[in-house]
Amino acid sequence: MATSLALDPVCGMTVDVDRPKGGTAVHDGREYGFCSSRCRERFEADPRKFLAAEGPAPTAPPGTRWTCPMHPEVDAGGPGSCPICGMALEPRTVSLEEDDSELRDMLRRFRVSLLLTIPVLLLGMSDLLPGQPVQHAVSPALIAWMELALATPVVLWGGRPFFQRGWASVANRSLNMFTLIALGTGVAWLFSVVATVAPGLLPATVRGEHGGPPVYFEPAAAIVTLVLLGQVLELRARARTRGALRALLGLAPKTARRLEDGEERDVLLEEVHPGDVLRVRPGEKVPVDGVVLEGHSSVDESMITGEPLPVEKLPGGKITGGTVNGNGTFLMRAERVGSDTLLAQIVRLVAEAQRSRAPIQRLADRVAAWFVPVVIAVAAITFVVWLAAGPEPRFAHALVNAVSVLIIACPCALGLATPISIMVATGQGAQAGVLVRSAEALETLARVDTLLVDKTGTLTEGKPRLVSVEPREGFPAGEVLRLAAALERGSEHPLAGAILEAASERGIEAPPASSFRAIPGQGVLGNVEGRKAALGNAALLAGLGVDLEEGQHEAEVLRADGQTVVFLAVDGMLAGVLGIADPVKESAPEALRFLRDEGVRMVMLTGDDRTTAEAVGRKLGIEEVHAEVLPADKAAVVERLRREGHVVAMAGDGINDAPALAAADVGIAMGTGIDVAVESAGIILVKGDLRGIVRARRLSKATLRNIRQNLFWAFAYNTVGVPVAAGVLYPVSGLLLSPMFASAAMSLSSVSVIANALRLRRVAL
C-alpha cells in the first residue's frame, strides 16, 4: 500500500499522514501532521501564523481529503501544495461547491503584483526612452530605490508561495519547477538589493555606464507576476476538467417527495433513507436509486448512459437517481441513497481514475527526476562561461542569462502533459456512459489486439425470451402460446418466465390450469379448459406416448440456432414447438463489426453448452469459441494469450468472469452486471452496451495521441528554450533572452498543454 504524504505546515518537511512522527493537531476542522513534536507545539501555540499563506478558508465539505493530480499518494487534510512537485492540491472528492481558495489567493496576489510590476518595468526601461528624460531628472541610484520599494512586495509577498514550495522541494529532496523559480527570482532580487543598499560592495567592473548599480528588480518582479498568471490559468483550467463531474453531481435534485402516513411531503435529499416511498412527478428528476412500485412512465437516462431514447419503466423496474422522468408519475421505493447511488459511484470512480497514473507518465517522471539538477548545472555553467568570456559588463550578462535558464526550463509543462489529458478524458468518458477506473486501462485499450467476450449478459441480454413458436396443423400460434402460458403459471422453472412474458406482451390471457404437476428435468402437466396438456422436453412427451416425428425438423432448426426447444402436446397430440433463447443484444453486431475492421481478434468465452455458444458465434461472426469453460479456465485462456504476446481485453458481467477480468490487460465490465465483476474491471460500460467498447477505444486513442502531443511539445520547448536562454545564439546573431520573456514562455508552455488537453472534450465518441 502506497504511503500518503503531506507537508508539515511549520517547516515544510514531508510527513507520513498515517504515522506522523510528531503527532497531529486539528485546526478549523482540519487535521495536520508534523515531522516532530517541536513543530507541533509551535503550530498549536499560533496556528494562524503558519496557515496565513494558505489563503481563505476552504469551502470543501468537512472531512474532505486533498491530493495532487500528479502524485496521488499525497493525502492532506486541506488545500496547499504537493510536497513532491509543488502543484496546488485538489480535493479527492468532487462537490458542487468546489473549493477555489487556492485560485482566489493566486488571483489576489497576481492583481496586486501586476499593479506594482508595471511601474517597475517603466522605471527599468527609462534609460531606453527617447531623450532619456527620467534619467536626466532622477539619479540611477534613486531609480533603484524606487524599484526596490515597488518590487519587494511583489517578490516577497506575491512570490511567497513559490519560495515556500521551492524550500520544501529542497527540504524534501524533491527538486521541481518551484526550485528553479525560487532560485532564479531570489538570486536576481537579492543581488539587486545588495547593489542598491550597499553598492560599494560591488566591484567597479559590474557598474553601469552611468556609474549606477546594476539592478534586476524588473525581471524578478515580472517573473513572479507571470508565474502567478500561469498559476491562475492552470487552476482555472484544472477546475474546468472537473466540470464534467460537477455536472454529473448536479443531476441529482436537492429534494424528494416522500410519502409519510398517507401524506406527501418534500424533504431534503439527505433525509431520504433506504425503504422510503417517494413520488416522482412528470418532468422531475429521480432523487435516488430504487425500484418502481406503482405507475409507469418513460425515463430519460441519457445523462447516465449516453443513450438518447427514453426507457419505459413499469412496476418492478429499476430506476436511477439523476435521470429525468417523462410524462407519467410513479411511486418508487428508495434502495440506494447518498454515496451508494450509481451517480455517486460514477463520480467517485471517475475521480479516482483522474488521479491514477498512465504508464506513459513514467517517461515524464524519469525525465523530471534528473531534469532539475541538470538545469541548475547548466545555469551554473552559463554563469561561469559568461563571467569568464562574455562581453562587458560580464557579471550582469552572466547573472541575467543564468536566471533565464532557470526560469525557462521550469518543467511544469512536462509534468502536466499526462495528468491533465487523463483528467479531461475520464470526464468526457463518464458523460458518454464509459467509466474509466484507471489511467493504465485507458492507455492500454488503444493497443488491444485481442478481445475476449463472455456470452450471457455481454453479447446477449442475459434473460431468456421466447423467440419462436412453430404450431402444428389445427393449432394457431396464439393458441399454442396461450395453452403453454396456462401450464407455466404454476411453474418456477427459469424458462416459464419467458413464456409468460411473451404471452403478456402479445395480450394473451392465460387460463387457469388444474391438476398441475411438475416433473423435474422434463416439464409440466395439467388440465386446461378440460383438455390434457403437457409442456416439456422430448423425454416427457415420449413417455406420454406422443408422436414427435412431425416436429423433429423444426426442433433441429431451432437447436442449430441456439434455441432451447420445448414441445407442447394437447390430448396426446403434438400441438407445437416453442424455441426459447437468450437474444443477442442489438448493439453487439455493430460493435463487433467495428472492432474487427480495426483488426481486433474476437474470442468468445462461455460456460454455456457448445451448440448454443457456436450458434451465437455464427450470428455474430465470431470464429473462435471456447464453450463449457469454468471461471479458472477463462483466466487461463487470458494468461495464455498474454504469454503469446497479445494485448488482451476481457468483457464480462458475472462472478465467473471476475478472474478473467482481473487477469486481462484491460478488464471491461458491463454496468448491468454484478459488483464483483465491476470491481475487477478497469473500464465499466454503464448501460452494458457493447458499443461502449467502441467509444472507450476511440477515447483511448484520442487520449494517447493527446498525451504524446503534450509530451512532444514539452520536450521540444525545453530542448530549444534552454540553449537559447543560455546564449548559444549570441555569437552568431547577438540574440539574448530576457528573463521576463523566459518567464512568459514558461507560462505559455503550460497553458498550451492545458489547452491541447481540453480539446478532448470535443472528441466524438
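In our numbering, each residue carries its 1-based index in the sequence shown increased by 84.
The beta carbon of each residue, even a glycine, is placed where N, CA and C say it ideally should be.
Identify which residue in the options has its Cα closest to the Cα of residue i.
| i | options | result |
| --- | --- | --- |
| V489 | A501, R195, T466 and G511 | T466 |
| R601 | S575, K771 and L264 | S575 |
| F799 | A482, N256, G334 and F455 | F455 |
| R556 | Q606, F651 and C123 | F651 |
| S246 | S258, V709, T263 and R257 | Correcting the residue type first, residue 246 is Phe in the shown sequence and not Ser. F246 has its Cα closest to that of T263, out of S258, V709, T263 and R257. |
| V713 | R685, P743, E728 and G705 | P743 |
| P595 | D130, L624 and L565 | L565 |
| A639 | I307, V553 and A252 | V553 |
| V612 | P167, W150 and A568 | A568 |
Quick one: what does DSSP say residue i is sitting in, helix, strand or coil?
| i | result |
| --- | --- |
| S197 | helix |
| Y116 | strand |
| P595 | coil |
| A618 | strand |
| A841 | helix |
| P224 | helix |
| E723 | helix |
| T696 | helix |
| K785 | helix |
| A746 | helix |
| I504 | helix |
| S575 | coil |
| F600 | strand |
| R363 | strand |
| L71 | It is not possible to answer for residue 71, since the shown part of the chain is limited to 85 through 849. |
| T407 | coil |
| L187 | helix |
| A137 | Residue placement at A137 cannot be trusted, given a pLDDT of 42 that sits under 50; what the coordinates show is reported in the next sentence. If DSSP states are grouped into helix, strand and coil, A137 belongs with the helices. |
| R244 | helix |
| R846 | helix |
| I465 | helix |
| F796 | helix |
| S258 | coil |
| V760 | Low confidence applies to V760: its pLDDT is 47, below 50, so where it sits in the model is not reliable enough to give any reading. |
Please report how far the alpha carbon of residue i lies from the alpha carbon of residue j, in whole angstroms.
| i | j | result |
| --- | --- | --- |
| V847 | G772 | 21 angstroms |
| V254 | V459 | 15 angstroms |
| G620 | E572 | 10 angstroms |
| A437 | A765 | With a pLDDT of 49 at A437, under the threshold of 50, the modelled position of that residue is not reliable, and no figure is offered here. |
| L313 | L187 | 11 angstroms |
| V608 | A586 | 18 angstroms |
| G660 | G635 | 8 angstroms |
| T413 | I752 | 35 angstroms |
| H357 | E347 | 17 angstroms |
| L536 | A699 | 17 angstroms |
| L821 | V487 | 10 angstroms |
| L584 | A570 | 8 angstroms |
| G627 | P399 | 41 angstroms |
| V290 | T269 | Confidence at V290 is low in this model, with a pLDDT of 48, below 50, so its placement is unreliable and no value can be given for it. |
| K397 | V370 | 12 angstroms |
| G511 | I592 | 47 angstroms |
| G367 | N411 | 6 angstroms |
| A463 | G811 | 11 angstroms |
| L213 | L471 | Any reading at L213 needs caution, since the residue's pLDDT is 41, under 50, leaving its predicted position unreliable; the model's value is listed next. C-alpha separation (whole angstroms): 28 angstroms. |
| V218 | A172 | Per-residue confidence for V218 stands at a pLDDT of 44, beneath the threshold of 50, marking its modelled position as unreliable; the derived number appears in the next sentence. One C-alpha to the other measures close to 42 angstroms. |
| E682 | L676 | 10 angstroms |
| R103 | R792 | 38 angstroms |
Between which two residues does the alpha helix (DSSP H) containing residue i stretch?
| i | result |
| --- | --- |
| D538 | Element bounds for D538: not the alpha helix (DSSP H) but the beta strand (DSSP E), T534 to D538. |
| T528 | A523 to L529 |
| I491 | R478 to I492 |
| A733 | Per DSSP, A733 belongs to no alpha helix (DSSP H); it is in the beta strand (DSSP E), V732 to G736. |
Which residues bound the beta strand (DSSP E) around residue i?
| i | result |
| --- | --- |
| T108 | T108 to H111 |
| K397 | V395 to K397 |
| D681 | First-last for D681: A672 to D681, but that is the alpha helix (DSSP H), not the beta strand (DSSP E). |
| L642 | That residue, L642, is in no beta strand (DSSP E); its alpha helix (DSSP H) goes Q636 to A644. |
For my contact list, residue i and residue j are in at a C-beta cut-off of 8 angstroms; report their separation, rounded to the angstrom.
| i | j | result |
| --- | --- | --- |
| T309 | L198 | 5 angstroms |
| V383 | V395 | 5 angstroms |
| V732 | V532 | 7 angstroms |
| T404 | E419 | At roughly 11 angstroms, the Cβ-Cβ gap does not stay under 8 angstroms, so T404 and E419 are not in contact. |
| V721 | L689 | 6 angstroms |
| A786 | L844 | 6 angstroms |
| T534 | V687 | 7 angstroms |
| A340 | V238 | That pair is no contact at about 52 angstroms. |
Given 7 angstroms as the limit, tell me if residue i has its C-beta closer than that to any heavy atom belonging to the ligand MN.
| i | result |
| --- | --- |
| E545 | By its list of ligands, the structure shown contains no ligand whatsoever, and the ligand MN lies outside what it can speak to. |
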